[in-house]
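From first to last, the protein sequence lines are chains A and B. Numbering-wise, this note's numbering comes out as the position in the first sequence, counting from 1, plus 800. Numbering-wise, this note's numbering comes out as the position in the second sequence, counting from 1, plus 800. Cβ atoms here follow ideal geometry from the backbone N, Cα and C, with glycine treated the same way. Remember, predicted model here, so these are calculated numbers, not experimental data.
There are 2 protein chains.
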Amino acid sequence: MRPDPSPYPERVRRLRVGLSETGVLLILNAINIRYLTGFTGGDGALMAGPTWLVLLVDGRYVTQARGEAAGTEIFEFRNRVDGIAAVAHQQGIGQIDFESPALSVEEYLKLQEGLPGVELRPLTSVFHCLRAVKDEAEIARIREAAKIAGEALAAVREMIRPGVREAEIALELEYRMRLGGAEKVSFETIVAAGSNTALPHATPGRRAIADGDCVMIDYGAVCGGYHSDETCTYIVGQASERQQEVYRLVREAHDRALGAIRSGVSCGEIDRIARACLEDAGLGGYFSHGTGHGVGLDVHEAPRLAAGREEILRVGMVVTVEPGIYLPGVWGIRIEDTVLVTEEGCEILTQTPKKLTII
Amino acid sequence: MRPDPSPYPERVRRLRVGLSETGVLLILNAINIRYLTGFTGGDGALMAGPTWLVLLVDGRYVTQARGEAAGTEIFEFRNRVDGIAAVAHQQGIGQIDFESPALSVEEYLKLQEGLPGVELRPLTSVFHCLRAVKDEAEIARIREAAKIAGEALAAVREMIRPGVREAEIALELEYRMRLGGAEKVSFETIVAAGSNTALPHATPGRRAIADGDCVMIDYGAVCGGYHSDETCTYIVGQASERQQEVYRLVREAHDRALGAIRSGVSCGEIDRIARACLEDAGLGGYFSHGTGHGVGLDVHEAPRLAAGREEILRVGMVVTVEPGIYLPGVWGIRIEDTVLVTEEGCEILTQTPKKLTII
C-alpha cells in the first residue's frame, strides 16, 4: 500500500505555485511531509528550495526515510531546530517561508535565535488546501478503508443488544477492522448508548445498552494512510415517536446536504442547507458542530463544511456530511457519510445504509 | 478510573508558583488541561487568573466539560482564538502568559490580532516539568497499565514463532490489552522481525517471522489516562553469537542505567552511563536515540533522559530506560522498562523479565 513515488515531485511543484521562485519553504506537519515525500515517520522537517529538497529526521528515522523518501536528500538531526539551522547555513538561505500552523511559538523563538539574519515568514494558506483534492490512488485507498470499516460494522451489528457494554462493541469493531486489513483505526471509535449519545464525542465506557436506547457508532479504518469516517445511529428495541421524528429530521438534513454537493458549490452553502433543515424544525440549537470536513491522510482536514466557509468544493475532494442533534442528558442522533465530490454531485464512499434501523 | 477532583486546585496552585501574582495564564495543551481540571476532551483552552479559572471548549464538549471539570467555570466558543479574546475582554486582562509549546505561530498571530492592547508573553519552562512528579493515584494507574500490558504480552508470547506475521501479533496484543481493561493502547504497537528491528520505530507489516530473527515488541496500555511503555526483544529459534553478544551489552547498559537511578541524579548522567556501556564496546554509533523519557498522561513527557540533560530525578518521577542497538539492514535489540524513581533507587513498574529469551 505504499504510494507510488511518482506523485511527489508534482505535489511539491504545486505547493510552490504562487510563491517566490527563489523562496525556501519549511514544511513541519508530519502529514504534509508524508504527502510531499512518502516518509511516514513523525517528527521531521522538509525544506524545499527552488531546485533542492531536503528531508530532516532524527536518528530513529534515518533508515526508514532513506527507504520511503527515496527521491529526497536525507539530513539527520539531533534536534529539529538545530537541523533546520544547519541546512539553512549549508544552502546560504536568507529567508524561509515556514508552515505557521505546524510550528509552535516555542520552536519559532528558538529558530529565530538559531538563525540570526534569516528572515522567517509565516505561511498559512498554501498548506490549508494542499491535500484537499485527491488523486485516483488516494480515492482508491479511502474507498478501500470505507469498505473494510463497513464490513466490520456489519459483522458486529448483532452485538448491539440490551446488556452489551459500549466498550465491548468498540473493541470488537476495531479488532474486526484490523483483521479486515485496516492498518489502524481512523480515531478512537465512539460507541455511545442512551444519554451518552448526547455527547458528540463520547468515550465508550462500561455503560450497557438498554431497551429504547439510541446507540451511536462513529468509526473508521485507515488504509495506506487514508482514513474513512462514518457514523450510524441505531435504536434498540422500540423507537419513541420523538426518536423517530429527530432521526427523520437529521436524515433529511443529511440527505439535503448530500443532494447539494457538487463541484462549484461553497462549503458554507452545504452547511447552511443542513442547518436550515434542523433550524426550521426548531432544533438548530442542538446541532452543535459543523456539517462536515475533508478526509484523507488526516481524518480531519480541509475543507471544513461550516457556517460562512467560502472554500469551493472541487472534483476529487472527499468530505464528510454529518449533521446531528444532541439533547443534553437525553440522547442524540448523528448520521454521517464520507463522499467524493464529482462534477455533477457526489459519490457516497461509506457503505452502511442510513435508513432508520431499529435493532 | 476518573481522577478524584481534589488534586486539581493544588496542581493549578503549583503551576502559578514563581509567576506574577496578578498574571493570567493561558494553557493550551489538552493533556495539561486534563491534568489541571480533569477535562478529557481535546481542543480546549484553560485561562487561570489569580482567583478564577475558566475552561473554554467548543460545542461538542460542553456537556462533558461540565461533568468532568465540575469545579471549573465553562465557557463555550465557536473557535478557540475568539473564545480566548472574549474571556480576556470579560476579565479586563492586560497581559497573558501563554503556553508557547502548545500555541502555533498561526494561532498566535490571530490571537495578537484579536487582542489589541493585550501583551502576550510566551511561557515555556513552567509547563515542561508540570506533570513530571506523580502522586500516588497517578502511580497506581501507571502500575495498573503496566500490569495489564504485561499480562497481555504473556498471553500472546506463544504466537511468536516462524511464519506468523508482525501485524498479527501486534493486533492480538492490542486486543488482549483492551480485553484486559486498557482503555486504549499507549501508542501504535511496534512488532518488528528480522531486519525491521533495525528501525527503532518500525510499523508492523506483513513480514513473517523467520528462524533466527530478532523480534522486537514495544507496547503499552493506558489506564485512567496513564500510560505504560515497555520493549522486549526476543530471538526465535537459535541466537547467533553476535545476537547474544549485543543482547548482553544492551542488557548491561539497561541494568547499569537502572542501577544509577535515584532521587538527586541528573537525567544526563543516566544517559551517559547507558551510552558509555555501548560506546566502550564500540557500538555507540548504533544507539541512535536517548536513553529514556518520562511517562504519564502522555507516553513521552518530561523529563528526557538524554545527553547533557540537567534535569534532576526526583522521588515520584516515572521514566523509561530503553537503550538499543540498531545495525542497519541487519537487526536491532532494544530493552525497555518503565520505572518509578525512589529515594534510594527505583522500582520497576513493567513486568516482563529482561533476560535473553530464545523462543
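Non-local C-beta neighbours of A/Glu938 in its own chain, meaning closer than 7 Å and more than five positions away in sequence, comprise Tyr1026, Gly1096, ordered along the chain.
Interface with chain A (7 Å Cβ-Cβ cutoff): B/Ser1028 is excluded. Contact between A/Val1115 and A/Thr1142 holds, since their C-beta atoms are separated by about 6 Å, short of 8 Å. If you check the CB distance, A/Val887 and A/Val862 do not come in under 7 Å. Any Cβ of chain A closer than 7 Å to the Cβ of B/His1001 would place that residue at the interface, and such an atom is present. Within chain B, the residues Ser904 have their CB atoms less than 8 Å from the CB of A/Ala902, given in chain order. Taking one beta carbon from each stretch, the stretch 837 to 849 of chain B and the stretch 950 to 967 of chain B have fewer than 3 pairs nearer than 8 Å; the two do not touch. Following the DSSP letters along the chain, one finds B/Ala1102 inside the beta strand (DSSP E) bounded by residues 1101 to 1105. The beta carbon of A/Thr863 falls within 7 Å of a beta carbon belonging to chain B, placing the residue at that interface. Taken through DSSP and simplified to helix, strand or coil, B/Glu1111 comes out as coil.
Close to chain B, meaning a Cβ-Cβ distance shorter than 8 Å, are the following residues of the stretch 976 to 1004 of chain A: Arg978, Leu979, Glu983, Lys984, Glu988, Ala998, Leu999, Pro1000, His1001, Ala1002, Thr1003. Within chain A, His1001 have C-beta atoms less than 7 Å from the C-beta of B/Gly841, given in sequence order. Interface flag for A/His1089 against chain B is set, since a Cβ pair is found closer than 7 Å. For A/Gly823, the closest alpha carbon among the candidates A/Pro922, A/Ile1009, A/Arg1104 is that of A/Pro922.
DSSP places A/Pro922 within a strand segment (E or B) once states are collapsed to three.
Considering only A/Phe1087, A/Thr1033, A/Leu1113, A/Ala830, the residue with the shortest C-alpha distance to A/Lys934 is A/Leu1113. Within the model, the alpha-carbon separation for A/Lys1154 versus A/Cys1146 is close to 16 Å.
Just so you know, the alpha carbons of A/Glu876 and B/Leu846 end up roughly 37 Å apart. Distance between B/Gln864 and B/Leu856, taken at the CA atoms: about 12 Å. Sequence-distant Cβ neighbours of B/Tyr1047 in its own chain, meaning closer than 6 Å and more than five residues away, are Ile1133, Leu1156. Counting only runs of 4 or more residues that sit fully inside the stretch 1046 to 1095 of chain A, the alpha helix (DSSP H) segments are 1067 to 1080, in chain order. Burial check for B/Arg1006: the Cβ neighbour count within 10 Å stays below 16, so the residue is exposed. The criterion of a C-beta distance shorter than 7 Å is not satisfied by A/Gly1085 and A/Leu1078. Residues of the stretch 916 to 948 of chain A that bring their beta carbon within less than 8 Å of a beta carbon in chain B comprise Pro922, Thr924, in sequence order. Under DSSP, B/Lys984 shares a beta bridge with B/Val1022. Close to B/Gly859, with beta-carbon spacing below 7 Å, are these residues of chain A in chain order: Ser1088, His1089.
Under DSSP, the beta-bridge partners assigned to B/Trp1131 are B/Leu1127.
Per DSSP, the unbroken alpha helix (DSSP H) holding B/Ala886 starts and ends at 880 to 891.
Contact annotation, A/Ser986 with A/Ala1021: C-beta distance approximately 6 Å; criterion of less than 8 Å satisfied. Shortest Cα-Cα distance from B/Gly867 to any of A/Ala902, A/Pro1128, A/Glu966 involves A/Pro1128. The beta carbon of A/Glu821 sits closer than 8 Å to the beta carbons of Pro850 from its chain, once the five residues preceding and following it are set aside; these are given in chain order.
When DSSP states are grouped into helix, strand and coil, B/Ile939 belongs to the helix group. When DSSP states are grouped into helix, strand and coil, B/Glu1144 belongs to the coil group. For A/Ala845, no alpha helix (DSSP H) segment is defined; the enclosing uninterrupted segment is the beta strand (DSSP E) at 845 to 848. If you look at A/Thr837, you'll find it isn't in any beta strand (DSSP E); it sits in the alpha helix (DSSP H) that goes 830 to 837. Here B/Asp1011 is not near B/Val1099, since their CB atoms are 7 Å or more apart.
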